[in-house]
Amino acid sequence: MEIIKNIPEMRGVLKKHRRNDQVIGFVPTMGYFHEGHLSLMDIARQKSDIVVVSLFVNPTQFGPDEDLDRYPRDIERDESLAEERGVNYIFYPDADEMYPPNFCTYVKNTELSNLLCGATRENHFRGVTTIVSKLFNIINPDLAVFGQKDHQQAIIIKRMVADLNFPVEIVLGDIIREEDGLAKSSRNVYLNEEEREQAPIIYQALTEAKKLVEKGERSAGDIKKFIYEKIDSVEHSDIEYVEIVEDTMLKSVRKIKPGCFAAVAVWFGETRLIDNVILL
Ligand code: PAF
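See below:
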């Protein structure tokens with residue numbers, strides 16, 4: 010496995026593989042790998058000849074009061090985990106490499122970026138679509154793998170790829186969970202003991218809601234209320250949103266139809282957790 014820090018070198022090595030008709034699979038990450046990331050690398054490994062993982066904590070997707078500086082980082086551990094998973098290249102650029110002086114061109118989805126997580130995280134999705142476009146232009150992958158945990162992000166990336174004609178297939182990997190149901194996230198390390206104990210309420214609420222839908226409940230309002238009350242019942246939760254939306258334009262629905270999913274963002278102390286479940 011090679012670690013590559015600059016753009017021309019990354020482009021250069023991949024050109025060679027492309028000339029040999031090798032399929033290039035790409036997993037964009039911000040590092041601090043957990044089983045969720047590793048499962049995305051496994052998918053890329055199965056579907057491609059060459060696997061590239063980018064590791065870049067992207068400043069433009071963090072708001073001024075967010076956790077950019079304290080975002081967990083451990084490059085040595087990440088390197089050995091990626092190597093074990095058969096990754097060929099880690100693209101590990103500095104911020105200056107990705108955002109040179111006078112950078113002022115962004116990619117933004119004008120409809121979906123301000124909904125759900127975007128309602129409180131101004132410019133977050135603009136930062137994501139900008140960096141993912143740049144990475145796609147540098148790596149030029151045949152396929153790219155994203156996690157279903159960031160469901161809104163995945164929908165926005167798919168929309169961007171279709172709207173801007175990026176020649177890349179987007180593949181989604183399932184949410185990987187702890188034994189008690191908490192979705193794996195690099196940010197889980199911020200939770201204190203009590204918060205960590207209570208955080209699985211999110212998944213319990215979502216799975217119980219899905220069971221109600223399986224039994225025939227179709228009122229989005231009732232399901233939303235159910236999820237809200239269940240999560241709200243634990244002391245340390247502070248709900249940012251609970252929404253039931255369709256999976257194309259993320260519009261709120263009144264009646265649950267196939268493809269609808271429930272998405273939540275909940276604070277436990279200083280830690281913001283997101284999760285979702287496809288209801289039908
Ligand atoms: O999902 C993430 O880790 C990030 O949003 C991504 C896609 C790597 C862009 O920085």
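In terms of the working numbering, the sequence shown opens at residue 10 and continues consecutively. Built from N, CA and C at the ideal position, the CB exists for glycine as well. Values in this document were obtained by computation on a predicted structure and should not be read as measured data.
- prompt: residue 258: buried (16+ other C-beta within 10 angstroms of its C-beta) or exposed?
  reply: exposed
query: Can you tell me the Cα-Cα spacing of residue 192 and residue 41, whole angstroms?
result: 15 angstroms
task: Quick one: grab the DSSP three-state call for residue 48.
output: helix
task: With residue 168 as the anchor, note down where its alpha helix (DSSP H) starts and where it stops.
output: 160-172
message: Can you tell me where the alpha helix (DSSP H) holding residue 87 begins and where it ends?
response: 84-93
- request: Indicate whether the contact test is met: 3 or more Cβ pairs, each with one atom in the stretch 235-246 and one in the stretch 211-226, closer than 8 angstroms.
  value: yes
query: Going by the C-beta, is residue 180 closer than 7 angstroms to any heavy atom of the ligand PAF?
result: no
field: residue 290 Cβ short of 7 angstroms to the ligand PAF heavy atom set
entry: In the structure as shown, the chain begins at 10 and stops at 289. Residue 290 is therefore absent and cannot be evaluated.
field: Residue span of the alpha helix (DSSP H) that contains residue 135, given as start and end
entry: 133-148
message: Quick check on this structure: which residue in 222, 99, 37 and 147 has the alpha carbon closest to the alpha carbon of residue 153?
response: 37
Cutoff 6 angstroms; reference residue 176; Cβ partners in own chain excluding five residues on either side: none
task: Over the uninterrupted beta strand (DSSP E) stretch that includes residue 179, give me the two end residues.
output: 178-182
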